[in-house]
Amino acid sequence: MESVKELFKIGPGPSSSHTFGPMRACQFMLETYPQANQFEVVLFGSLAFTGKGHLTDQIIKKTLKHCTIQFDYKTQYPHPNTMTIEAFDAVHSLGKHTFESIGGGMITIDGQANHTIEEPYIHHSLDEIQTYCSQHHIRLDEYVDEFEEKINPYMEKIFKAMIHCVTKGLKTTGKLPGALKLDRIAHALYQSASSCDTQEDRNFLLLSSYAYAASEQNASGHLVVTAPTMGSAGVLPALVYHTYKDRGYQKRHIIQALKVAGLIGCLIQENATISGAEGGCQAEVGAACAMGAAFVASLEMQTNEQIECAAEIGLEHHLGLTCDPVGGYVMIPCIERNAVAAQRSLDAARLAKYLRNVKKNRVSFDMVVKTMNLTGKKLPIELKESALGGLAVVVKS
1 MESVKELFKI
11 GPGPSSSHTF
21 GPMRACQFML
31 ETYPQANQFE
41 VVLFGSLAFT
51 GKGHLTDQII
61 KKTLKHCTIQ
71 FDYKTQYPHP
81 NTMTIEAFDA
91 VHSLGKHTFE
101 SIGGGMITID
111 GQANHTIEEP
121 YIHHSLDEIQ
131 TYCSQHHIRL
141 DEYVDEFEEK
151 INPYMEKIFK
161 AMIHCVTKGL
171 KTTGKLPGAL
181 KLDRIAHALY
191 QSASSCDTQE
201 DRNFLLLSSY
211 AYAASEQNAS
221 GHLVVTAPTM
231 GSAGVLPALV
241 YHTYKDRGYQ
251 KRHIIQALKV
261 AGLIGCLIQE
271 NATISGAEGG
281 CQAEVGAACA
291 MGAAFVASLE
301 MQTNEQIECA
311 AEIGLEHHLG
321 LTCDPVGGYV
331 MIPCIERNAV
341 AAQRSLDAAR
351 LAKYLRNVKK
361 NRVSFDMVVK
371 TMNLTGKKLP
381 IELKESALGG
391 LAVVVKS
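Count the sequence shown with UniProt numbering and you get residues 1 to 397, in order.
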């Protein structure tokens, strides 16, 4: 199984699969063909349908400089996020490659991974990991430490990037880019929290404002952390900011809990998908909620079994969630959905804490991941990041 470092990446929004991934494909072409002076890019499937709203064309032009872009809505490839890039000099074609943007900023090139992917883990399911942890009397965060010895400096960068993203988003006002002309409201939500009558209401608004802040930064094309994707980049940063700034948890404990969240995300990536174009929003915000629930449960020093239960609850109750971005933008319903999932992460961790005291869980995390994968395959293309169904056709952009 891949490293947690492969899951958490820092890059430009608004979409890890539609912005970050294509950017990395373009960078590959520039490095491979430094003599090229022109490129022809063709986008297929979801990349074509929502490319403009997700700023795919803009990141390609910014990276390649001299290029033409074609949106092919008819040709079908096995993966919905497929693109081709051909490089030219003044006279000849220098080479052409096919790229798949598989989620979280990761790409394949002509069917192969674009770099040597670090795969430190020998286990491929949470059942296997739980058995190992039980045999060795370790917690899930200690399991990550055992298999990824040099992860701490990297996770320190991820922590700082999440805090910076929320901080910047809370201070920024105005409108989000694009035709929807939506106002940024993270700052207003944050300000309104000070007038709440109860601490419970105040915490609710604060956490929501943090999720809005990170998601609005993402929608504006700023640097965010894939957690596990950019479409879900508001959930985990909101929880990190809330537990650090409002609840007084120490940074080192938060980083340990982040490793557990990353482990949960890696398992979903390994056994299902984190791509909205493949599995719908259950694969993005649903996965983020599972990661967030595991993060909270780990931070509260719940048992490994309670952490699993929290992650299972977080994902199970997002099963079937569709990806239907209005106008192809990562705004409606994405931003609000991130705020809701952040709250549900807290609820899932709280419920798991008490459920495991009264009953043995009949539904394992691995079962829910398998179910999510099967459900995603059944969803029609209209409900998987194509902007061809759901809210995308009911709400006028």
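For every residue, glycine included, the Cβ atom is placed at its ideal position computed from N, Cα and C. None of these values were measured; they are calculated from a predicted model.
Count the other CB atoms, across all protein chains shown, that sit within 10 Å of the CB of residue 78; report buried if there are 16 or more and exposed otherwise. Residue 78 should be labelled exposed.
Which same chain residues end up closer than 6 Å to residue 161 when comparing Cβ atoms and leaving out the 5 residues on each side of it in sequence? The beta carbon of residue 161 is closer than 6 Å to those of 10, 225 in its chain, skipping five residues each way along the sequence.
Helix, strand or coil: how does DSSP classify residue 12 here? Residue 12 carries a strand assignment under DSSP once its states are collapsed to helix, strand and coil.
Check the Cβ-Cβ distances between residue 221 and every residue of chain C, and say whether any is below 7 Å. The structure shown contains no chain C, having only a single protein chain.
Roughly how many angstroms separate the alpha carbons of residue 315 and residue 5, rounded to a whole number? Using only the alpha carbons, I get a separation of about 22 Å.
The beta strand (DSSP E) enclosing residue 226, as first and last residue numbers: For residue 226, no beta strand (DSSP E) encloses it, and the DSSP letter there is neither H nor E.
Classify residue 106 as buried or exposed, calling it buried when 16 or more other Cβ atoms lie within 10 Å of its own Cβ. The residue is buried, with at least 16 neighbouring Cβ atoms inside 10 Å.
Closer than 8 Å by C-beta to residue 320: which residues in its own chain qualify, once you throw out the five before and the five after it? Chain order, please. Closer than 8 Å at Cβ, skipping near neighbours: 280, 282, 375, 379.
Neighbour-count burial assignment, residue 362, 16 or more Cβ in a 10 Å radius: Under the 10 Å beta carbon count, residue 362 is surrounded by fewer than 16 other beta carbons and is classified as exposed.
For the region 195-272, which segments carrying the alpha helix (DSSP H) assignment without a break, of at least 4 residues, lie completely within its bounds, in sequence order? Qualifying alpha helix (DSSP H) stretches, in chain order: 199-219, 235-241, 251-271.
Rounding to the nearest angstrom, what Cα-Cα distance links residue 305 and residue 16 in this structure? Rounded to whole angstroms, residue 305 to residue 16 spans 31 Å at the Cα level.
Going by C-alpha to C-alpha distance, which of 291, 323, 322, 299 sits closest to residue 312? For the residues 291, 323, 322, 299, the minimum Cα distance to residue 312 belongs to 291.
How long is the line joining the alpha carbons of residue 128 and residue 120, rounded to whole angstroms? Here the alpha carbons of residue 120 and residue 128 stand approximately 15 Å from one another.
Would you give the residue range spanned by the alpha helix (DSSP H) that residue 72 belongs to? Run containing residue 72: none in the alpha helix (DSSP H); it sits in the beta strand (DSSP E), 67-72.
Cα-Cα, which of 285, 365, 66, 390 is closest to residue 104? The shortest Cα separation from residue 104 among 285, 365, 66, 390 belongs to 285.
For residue 450, does the three-state DSSP call read helix, strand or coil? Since the first residue shown for the chain is 1 and the last is 397, residue 450 is missing from the structure and cannot be characterised.
Could you tell me the distance, in whole angstroms, from the CA atom of residue 263 to the CA atom of residue 92? In this structure, the CA atom of residue 263 is about 46 Å from the CA atom of residue 92.
According to DSSP, what are the bridge partners of residue 101? 107.
What does the Cβ neighbour count give for residue 252, buried or exposed, with the cut at 16 atoms within 10 Å? Exposed: under 16 other Cβ atoms inside 10 Å.
Cβ of residue 170 within 7 Å of Cβ of residue 186? Against a cut-off of 7 Å, the Cβ pair of residue 186 and residue 170 comes out as a contact.
Do residue 407 and residue 214 have their C-beta atoms closer together than 7 Å? Since the displayed the chain opens at 1 and closes at 397, residue 407 lies outside it and no answer follows.
Endpoints, the beta strand (DSSP E) within which residue 302 is located: Looking at the DSSP string, residue 302 is not in any beta strand (DSSP E), and its letter there is neither H nor E.
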